[in-house]
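Colleague:
Protein chains: 2
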Amino acid sequence: MTTPFIAHSWEECPAINSLKLLSGKWKANIFLLATFGPVRFNSLLRQLPSANKQSLSIALKEMEQAALLERIVVKQKPLHIEYHLTEKGRSVIDVLQNLENIKIQHLADAGRIA
Amino acid sequence: MTTPFIAHSWEECPAINSLKLLSGKWKANIFLLATFGPVRFNSLLRQLPSANKQSLSIALKEMEQAALLERIVVKQKPLHIEYHLTEKGRSVIDVLQNLENIKIQHLADAGRIA
DNA sequence: ACAATAAGTCAAAAAAAGATGACTACTCCT
DNA sequence: AGGAGTAGTCATCTTTTTTTGACTTATTGT
Numbered sequence: 001m002t003t004p005f006i007a008h009s010w011e012e013c014p015a016i017n018s019l020k021l022l023s024g025k026w027k028a029n030i031f032l033l034a035t036f037g038p039v040r041f042n043s044l045l046r047q048l049p050s051a052n053k054q055s056l057s058i059a060l061k062e063m064e065q066a067a068l069l070e071r072i073v074v075k076q077k078p079l080h081i082e083y084h085l086t087e088k089g090r091s092v093i094d095v096l097q098n099l100e101n102i103k104i105q106h107l108a109d110a111g112r113i114a
Numbered sequence: 001m002t003t004p005f006i007a008h009s010w011e012e013c014p015a016i017n018s019l020k021l022l023s024g025k026w027k028a029n030i031f032l033l034a035t036f037g038p039v040r041f042n043s044l045l046r047q048l049p050s051a052n053k054q055s056l057s058i059a060l061k062e063m064e065q066a067a068l069l070e071r072i073v074v075k076q077k078p079l080h081i082e083y084h085l086t087e088k089g090r091s092v093i094d095v096l097q098n099l100e101n102i103k104i105q106h107l108a109d110a111g112r113i114a
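Residue numbers (full-length UniProt numbering), protein chains in the order written: chain A, 1 to 114; chain B, 1 to 114.
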């Protein structure tokens with residue numbers, strides 16, 4: 001028997017909790033940019049023109065607490081802070097990619113039928 | 001080269017769109033209950049005591065439009081409507097299960113370190 | 001000393017999502 | 001004809017999320 005997706009006959013399945021890893025308007029974008037290398041606060045702000053400090057700050061903090069990103073203080077010339085993807089973060093991105101693939105796959109299927 | 005998770009150097013990655021398949025407070029629960037067989041509107045309301053008609057109605061409609069559920073009118077004695085999981089719906093549930101597994105896996109890792 | 005950049009915080013306003021309760025339409029049973 | 005069950009819709013209110021803009025702290029460059 002496979003791992004149960006949730007405990008049955010009962011409200012509030014574990015998946016709801018897992019989804020918090022991806023919740024909010026900016027996490028997917030932060031993941032995206034982080035796949036190209038460590039990201040920084042002000043740099044994110046510039047790369048996501050319609051995002052705001054507050055929301056990014058909260059998203060980064062949540063992702064750090066969920067161990068998806070690691071916050072690293074780089075003691076160097078200008079002294080800055082980098083957020084690095086963790087292994088767990090990479091796994092979550094894979095999940096995101098799978099979701100994306102399902103969408104694409106089933107678009108193709110629909111096309112074949114029509 | 002692997003399928004790019006998003007188009008780079010640019011805001012609003014495709015993943016954000018895919019996440020809409022899972023967005024909202026009740027979809028994960030609907031998925032859950034649907035794995036045990038077709039679900040019905042009033043039955044869901046009873047099984048999810050803190051959910052409300054409006055939200056369930058919207059969630060079901062979105063899931064139907066995304067082809068995750070199929071709405072079937074059962075012409076029989078009491079005449080009712082069933083929502084059946086589609087293949088695509090099952091794939092999305094697998095993704096949810098993967099996310100859940102990542103969480104569990106990394107909880108275990110953290111435990112091993114501590 | 002002054003201006004600039006990095007990395008934020010905070011309170012308040014606006015927008016989006018969710019909840020409530022009343023109401024509709026159809027069928028079945030008596 | 002009246003009552004109950006199924007499957008909803010609709011307008012409104014409340015709660016949660018996001019945005020805005022002003023302010024903070026520390027370091028570097030001139």
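Virtual Cβ for every residue (Gly too), placed ideally from N, Cα, C. Quick caveat, the model's predicted, so the values are computed rather than measured.
1) Helix, strand or coil: which one does DSSP assign to ARG40 of chain B?
2) Taking only beta-carbon positions, decide if SER18 of chain A is within less than 9 Å of chain B.
3) Using DSSP with H/G/I as helix, E/B as strand and the rest coil, what is LEU96 of chain B?
4) What three-state label does DSSP hand LEU79 of chain B in the structure shown?
5) Kindly indicate which three-state DSSP category LEU85 of chain B falls into: helix, strand or coil?
6) Where do the ends of the alpha helix (DSSP H) carrying LEU33 of chain B lie?
7) With DSSP as the reference, label LEU69 of chain A as helix, strand or coil.
8) Less than 8 Å between the CB atoms is what I'm expecting for PRO38 of chain B and GLU82 of chain B, so what's the real figure, rounded?
9) How would you list, in chain order, the residues of chain A whose beta-carbon sits under 7 Å from the beta-carbon of HIS106 of chain B?
10) Using a threshold of 9 Å, state whether the C-beta atoms of HIS80 of chain A and ALA34 of chain A are closer than that.
11) From this set, A:SER23, A:ILE104, A:LYS88, which residue's C-alpha is nearest ALA108 of chain B's C-alpha?
12) Is the shortest distance between the beta-carbon of LEU45 of chain B and the beta-carbons of chain A less than 9 Å?
13) Could you tell me the alpha carbon to alpha carbon distance between SER57 of chain A and PHE41 of chain B, rounded to whole angstroms?
14) Over the uninterrupted alpha helix (DSSP H) stretch that includes PRO14 of chain B, give me the two end residues.
15) Looking only at its own chain, which residues have a Cβ that is under 7 Å from the Cβ of LYS53 of chain B, when we skip the five neighbours before and after it?
16) Comparing the C-beta of SER91 of chain B with each C-beta of chain A, is any distance below 9 Å?
Modeller: Walking through what the data contain:
1) coil
2) yes
3) helix
4) coil
5) strand
6) 27-34
7) strand
8) 4 Å
9) ALA67, LYS88
10) no
11) A:LYS88
12) no
13) 40 Å
14) 14-18
15) LEU45
16) yes
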